[in-house]
Amino acid sequence: MKTTHLLGAAAVAAFAAGTASAGTLDDVKAAGELKCGVSTGLVGFAAPDANGVWAGFDVSVCRAIAAAVLGDSDAVKFVPTTGKTRFTALASGEVDVLARNTTWTFSRDVDLGFEFVGVNYYDGQGFMVPTELGVTSAKDLDGATVCIQTGTTTELNLADYFRANKISYEPVPIETNAEAQQKYLSNACDVYTTDASGLAATRATFEDPDAHMLLPEIVSKEPLGPLVRHGDNQWGDIVRWTLNALITAEELGVTKANASELANSSNNPEVKRLLGTEGDLGAMLGLEAGWAAAAIGVAGNYAEIFEANIGESTAIGLARGLNAQWTDGGLIYSPPFR
Amino acid sequence: MSKNPIAFVADGQIPASPPPSNAVGPVKWMKDNLFSGAVNSILTIMALFVVFALAYEILPWLINSSWFPEEMSLKGCRAEAEGACFAVLVERRWQFVFGFYPPELYWRPTLAFILLIVALAPVLVERAPRQLLALTAVYPLIGFLLIWGGSIWGPLAIIAGLVIGGLIIAKGGNTFKAVVGEAFGPLVSVLTGIFFITLWMMLAVSPLETAIHSAIPIGLQEIQSDKLGGFMLSLIIGFVGIAASLPIGIALALGRQSDLMIVKAISVGFIEAIRGVPLITLLFVASVLLNYFLPPGTTFDIILRVCIMVTLFSAAYMAEVIRGGIAGLPKGQYEAADAMGLTYGQSMRLIILPQALKISIPNIVSSFIGLFKDTTLVIIIGLLDPLGLISTTRADAAWNGIVWELYGFVALFFFVFCYSMSKYSQYLERKLATDHR
Chain S
89 MKTTHLLGAA AVAAFAAGTA SAGTLDDVKA AGELKCGVST GLVGFAAPDA
139 NGVWAGFDVS VCRAIAAAVL GDSDAVKFVP TTGKTRFTAL ASGEVDVLAR
189 NTTWTFSRDV DLGFEFVGVN YYDGQGFMVP TELGVTSAKD LDGATVCIQT
239 GTTTELNLAD YFRANKISYE PVPIETNAEA QQKYLSNACD VYTTDASGLA
289 ATRATFEDPD AHMLLPEIVS KEPLGPLVRH GDNQWGDIVR WTLNALITAE
339 ELGVTKANAS ELANSSNNPE VKRLLGTEGD LGAMLGLEAG WAAAAIGVAG
389 NYAEIFEANI GESTAIGLAR GLNAQWTDGG LIYSPPFR
Chain Y
232 MSKNPIAFVA DGQIPASPPP SNAVGPVKWM KDNLFSGAVN SILTIMALFV
282 VFALAYEILP WLINSSWFPE EMSLKGCRAE AEGACFAVLV ERRWQFVFGF
332 YPPELYWRPT LAFILLIVAL APVLVERAPR QLLALTAVYP LIGFLLIWGG
382 SIWGPLAIIA GLVIGGLIIA KGGNTFKAVV GEAFGPLVSV LTGIFFITLW
432 MMLAVSPLET AIHSAIPIGL QEIQSDKLGG FMLSLIIGFV GIAASLPIGI
482 ALALGRQSDL MIVKAISVGF IEAIRGVPLI TLLFVASVLL NYFLPPGTTF
532 DIILRVCIMV TLFSAAYMAE VIRGGIAGLP KGQYEAADAM GLTYGQSMRL
582 IILPQALKIS IPNIVSSFIG LFKDTTLVII IGLLDPLGLI STTRADAAWN
632 GIVWELYGFV ALFFFVFCYS MSKYSQYLER KLATDHR
């Protein structure tokens with residue numbers, strides 16, 4: 089009984105110490121590097137190249153935050169996290185921010201004690217089928233065998249969707265995307281279902297991509313975005329507004345190339361506020377005045393990052409779709425910099 | 232030489248005729264080994280069919296392979312050849328060996344690996360010069376220094392602490408006898424020595440390192456653990472686990488057999504607790520749970536944590552393997568040792584353990600091989616071992632879609648190491664075979 093109390097007290101003390109420690113911003117500045125949790129490898133979103141330099145859509149968010157806070161986009165320590173370790177890594181302080189294609193859900197936000205600061209990619213679960221199957225809608229998939237990753241939300245979404253449409257299917261459980269590709273290509277299953285971005289990336293690797301098609305139905309909402317721990321609102325604000333700065337930059341036409349020029353020459357006061365030549369938004373965050381300009385200077389604005397990593401000019405070839413600016417009919421929308 | 236007078240008696244040996252063609256050469260061999268009966272013939276034909284079918288599938292794939300396509304990507308491979316795309320291995324070879332280690336410092340892990348072989352030689356091979364054992368003793372610190380870098384004074388401070396502690400244990404007995412009496416002298420000196428070493432490690436090493444380093448800075452550039460990966464990481468975890476788990480395992484096995492109640496209880500408790508938990512659970516504890524309990528800001532290296540957990544896990548299994556060997560000895564051996572008047576330490580060292588370990592060799596090596604392969608489980612906690620690097624490589628848009636080449640390469644690496652271990656154990660068994668043949 090006594091030992092239990094002691095252990096419990098120690099645990100409480102440890103947790104209390106964890107939350108009462110200096111703000112994450114101070115820790116990051118003291119360490120001189122941002123610890124950023126990323127995926128252990130997801131095409132277009134996070135992967136190291138042959139020299140071990142990380143690149144990708146999620147990685148760019150990390151680099152932008154590092155540039156905003158420390159002024160150096162290379163001052164990032166990338167911590168590869170798996171689906172199982174990502175949340176504990178963030179909660180225990182092993183990483184300062186998690187930018188790892190993580191779906192924003194109620195329970196993760198509320199119950200796990202995290203704060204999703206925004207959405208950098210709106211994804212959704214889709215279906216891929218061979219063209220020769222002659223299927224044009226997911227509703228035609230009655231009786232199909234479906235390759236599905238076990239233990240994911242996609243599994244539950246699939247069950248919900250088929251039950252709601254009163255059609256039957258036979259699941260083929262798989263563990264990883266690599267396994268799914270093999271199974272699907274060897275016709276062990278008729279349909280492969282996962283996030284539409286993942287399907288597009290997978291399809292792009294096939295020898296004959298045209299022999300496969302994505303069905304029009306998107307059966308779930310998967311808003312992916314960076315997240316931080318609950319309780320350190322200043323740090324949460326920094327990450328949130330760095331992401332918003334990238335989005336606003338696209339909306340205002342600020343790019344990597346013209347940012348330094350616009351900072352002085354622009355007539356638009358919001359551009360000047362964003363780039364730190366007017367107002368004191370940076371100081372409100374506890375950062376330099378040019379924080380957002382530094383973040384944009386790494387890889388450009390949201391559109392530039394999108395195009396370079398997952399856009400239509402890349403092998404993955406994703407269209408902007410839902411991820412277009414709100415002015416173009418998409419969902420990407422940043423509150424104003426004022 | 233005179234002719235035999237009797238004409239019909241042969242005067243010499245008739246030269247031997249060659250054996251009939253079906254009793255010699257390849258025909259005979261095939262008849263004996265491949266077609267010695269109906270069942271065996273059928274099995275042979277089936278096996279041949281399987282071998283040819285595999286070769287028919289694999290050989291064209293291997294031969295039509297692409298190593299240096301113009302565009303270093305899967306697309307480039309496909310444009311050049313039908314079969315395997317080994318260009319990915321060409322491009323990523325150093326990453327698979329060293330992880331993200333800075334290329335200009337590749338000589339350091341390489342040197343550490345060469346020194347490891349030299350340091351292992353006196354342990355593994357009888358003919359190697361005994362003087363090398365000195366290198367073996369300090370190798371852990373040399374290897375650490377080479378791979379992680381940092382100040383040279385840290386390892387030296389650790390050595391100093393161990394030497395002083397060792398002296399207290401070895402020589403302190405007489406001094407303490409005067410204070411606490413004849414019976415407790417040795418015990419007190421051992422306890423004081425251990426206490427000293429523990430205190431030294433916890434309190435003295437890092438201040439000493441900082442102090443001396445600021446005065447005389449000698450050292451190597453420091454490398455963070457997140458730069459380590461690939462085969463290097465597997466080898467580090469594997470070798471640390473193997474080297475540390477054998478002595479701990481022996482101690483636990485003896486502890487479990489001990490008559491001392493507390494020692495026995497601790498050993499049994501440890502072995503059963505660790506064996507009752509999957510390795511993955513321990514890795515999760517190392518990766519995430521420890522972070523909650525350590526004070527914030529402490530950096531307790533993740534690879535060190537993993538090495539400790541793997542060692543503890545393996546030591547528990549090793550203890551049971553060795554206990555099996557000890558239990559396999561006839562009771563007469565113990566009684567003989569007692570009758571000779573040997574102390575417990577002497578009888579274990581000279582009589583019991585040499586025989587018990589010899590019996591256990593196949594199982595010990597099996598454990599080692601299992602441990603080495605288990606190092607790939609660290610992928611679950613996000614360390615980039617060879618399997619982890621496969622997933623990051625496949626996440627590169629240029630190489631996404633490659634499977635067999637990468638996994639085959641890693642499988643080959645593990646096969647080479649595990650098969651060598653197995654061969655070595657066979658050599659050891661033959662060398663030590665002294666009995667009952």
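From first to last, the protein sequence lines are chains S and Y. One rule links them: number in this note's numbering = place in the first sequence (from 1) + 88. One rule links them: number in this note's numbering = place in the second sequence (from 1) + 231. Backbone N, C-alpha and C fix where the C-beta goes; we use that ideal spot for every residue, glycine too. Model, not experiment: these values are computed from the prediction.
Identify the residues that DSSP records as bridge partners of residue 213 (chain S): which are they?
Note: residue 213 (chain S) sits in a beta bridge opposite S:283.
Let me check understanding here. Comparing Cα to Cα, which of Y:242, Y:641, Y:282, Y:548 lies closest to residue 466 (chain Y)?
The option with the nearest alpha carbon to residue 466 (chain Y) is Y:641.
What whole-angstrom Cβ distance do residue 319 (chain Y) and residue 637 (chain Y) have, given they're in contact under 8 Å?
Indeed, because the Cβ distance is near 7 Å, the residues count as touching under 8 Å.
Who are the neighbours of residue 404 (chain S) on chain Y, taking C-beta pairs under 7 Å?
Correct list: 628.
With a CB to CB cut of under 8 Å and the five nearest residues on each side skipped, what residues in its chain are close to residue 227 (chain S)?
Same-chain partners within the cutoff: 253, 255, 305.
Could you check whether residue 288 (chain S) and residue 273 (chain S) sit closer than 8 Å to each other, using their CB atoms as the reference points?
Going by C-beta atoms, residue 273 (chain S) is not nearer than 8 Å to residue 288 (chain S).
With 8 Å as the threshold, decide whether the Cβ of residue 168 (chain S) is near any Cβ in chain Y.
Chain Y contact via Cβ: present.
For residue 631 (chain Y), would you say it is in contact with chain S, using Cβ-to-Cβ distances shorter than 8 Å as the test?
Answer yes: the Cβ-Cβ gap between residue 631 (chain Y) and chain S drops below 8 Å somewhere.
Looking at chain Y, is there any beta carbon in it that lies within less than 8 Å of the beta carbon of residue 129 (chain S)?
Yes, residue 129 (chain S) lies at the interface with chain Y (some Cβ there is under 8 Å from its Cβ).
At what residues does the beta strand (DSSP E) containing residue 310 (chain S) begin and finish?
Residues 310–312.
Relative to the C-alpha of residue 699 (chain Y), which residue among Y:522, Y:299, Y:546 is closest?
As displayed, chain Y neither begins before 232 nor continues past 668, which places residue 699 (chain Y) out of reach and without an answer.
Taking Cβ-Cβ distances shorter than 7 Å, what residues in chain Y pair up with residue 165 (chain S)?
Near residue 165 (chain S) (Cβ distances below 7 Å), the residues of chain Y are 457.
List the residues that DSSP assigns as beta-bridge partners of residue 142 (chain S).
S:136.
Take the Cβ of residue 248 (chain S) as the centre, count every other Cβ of all protein chains shown within 10 Å, and call the residue buried at 16 or more, exposed below.
Answer is exposed; the Cβ neighbour count stays below 16.
Name the chain Y residues whose beta carbon is nearer than 7 Å to that of residue 176 (chain S)?
Ordered by position in chain Y, the residues that pass the 7 Å Cβ test against residue 176 (chain S) are 519.
Opposite residue 165 (chain S) in the DSSP bridges: which residues?
According to DSSP, which records beta bridges pairwise, residue 165 (chain S) is partnered with S:123.
Contact criterion: CB-CB distance below 8 Å. Does residue 395 (chain S) meet it with respect to chain Y?
It does not; no Cβ of chain Y falls within 8 Å.
If we cut at 8 Å on Cβ distances, does residue 668 (chain Y) have a partner in chain S?
Any reading at residue 668 (chain Y) needs caution, since the residue's pLDDT is 48, under 50, leaving its predicted position unreliable; the model's value is listed next. So no, residue 668 (chain Y) is outside the interface.
Where residue 250 (chain S) and residue 278 (chain S) are concerned, what is the direct C-alpha to C-alpha distance, given to the nearest angstrom?
Rounded to whole angstroms, residue 250 (chain S) to residue 278 (chain S) spans 15 Å at the Cα level.
For residue 616 (chain Y), count neighbouring Cβ atoms within 10 angstroms of its own Cβ and tell me buried if that reaches 16, exposed if not.
Buried, by the Cβ-count rule.
Report the option in Y:390, Y:606, Y:355 whose CA atom is closest to the CA atom of residue 618 (chain Y).
Nearest C-alpha to residue 618 (chain Y): Y:606.
Where do the ends of the alpha helix (DSSP H) carrying residue 707 (chain Y) lie?
This structure leaves residue 707 (chain Y) out entirely; chain Y is present only between 232 and 668.
Please decide whether residue 295 (chain S) counts as near chain B, where near means a Cβ-Cβ distance under 8 Å.
Annotation note: the requested chain B is absent from the structure, which comprises protein chains S and Y.
Smallest Cα separation from residue 112 (chain S): which of S:386, S:384, S:325?
Closest by alpha carbon: S:325.
Whole angstroms are fine: how far does the CA of residue 287 (chain Y) sit from the CA of residue 293 (chain Y)?
Using only the alpha carbons, I get a separation of about 11 Å.
Among the candidates Y:598, Y:581, Y:331, Y:346, whose CA atom is the shortest distance from the CA of residue 653 (chain Y)?
Nearest of Y:598, Y:581, Y:331, Y:346 to residue 653 (chain Y), Cα basis: Y:598.
For residue 364 (chain Y), which residues of its own chain have a beta-carbon under 7 Å away from its beta-carbon, when the five flanking residues on both sides are left out?
These residues qualify, in order along the chain: 353.
Could you list which residues in chain S have their beta carbon closer than 7 Å to that of residue 611 (chain Y), in chain order?
Those are 170, 172, listed as they occur along chain S.
Alpha helix (DSSP H) containing residue 269 (chain S): first to last residue?
Where residue 269 (chain S) is concerned, the enclosing alpha helix (DSSP H) stretches over 265–273.
To be precise: take each residue of the stretch 305–337 of chain Y, compare its Cβ to all Cβ atoms of chain S, and keep it if any distance is under 7 Å. Which residues remain?
Listed by position along the chain: 305, 309, 322, 323, 326, 331.
Distance, Cα to Cα, residue 461 (chain Y) vs residue 366 (chain S)?
Approximately 49 Å, taken between the alpha carbons.
Quick check on residue 244 (chain Y): buried or exposed, where buried means 16 or more other Cβ atoms within 10 Å of its Cβ?
Exposed, because fewer than 16 other Cβ atoms sit within 10 Å of the Cβ of residue 244 (chain Y).
So, helix, strand or coil for residue 300 (chain S), using DSSP?
Note: residue 300 (chain S) maps to strand in three-state DSSP.
Quick check on the burial criterion: 16 or more other C-beta atoms within 10 angstroms. Buried or exposed for residue 261 (chain Y)?
Its Cβ having fewer than 16 others within 10 Å, residue 261 (chain Y) is exposed.
List, in order along the chain, the chain S residues whose C-beta lies closer than 7 Å to that of residue 615 (chain Y)?
Chain S residues near residue 615 (chain Y): 168.
Report the CB separation of residue 381 (chain Y) from residue 450 (chain Y) in whole angstroms; it is logged as a contact under 8 Å.
With a Cβ gap of about 6 Å, residue 381 (chain Y) and residue 450 (chain Y) count as contacting.
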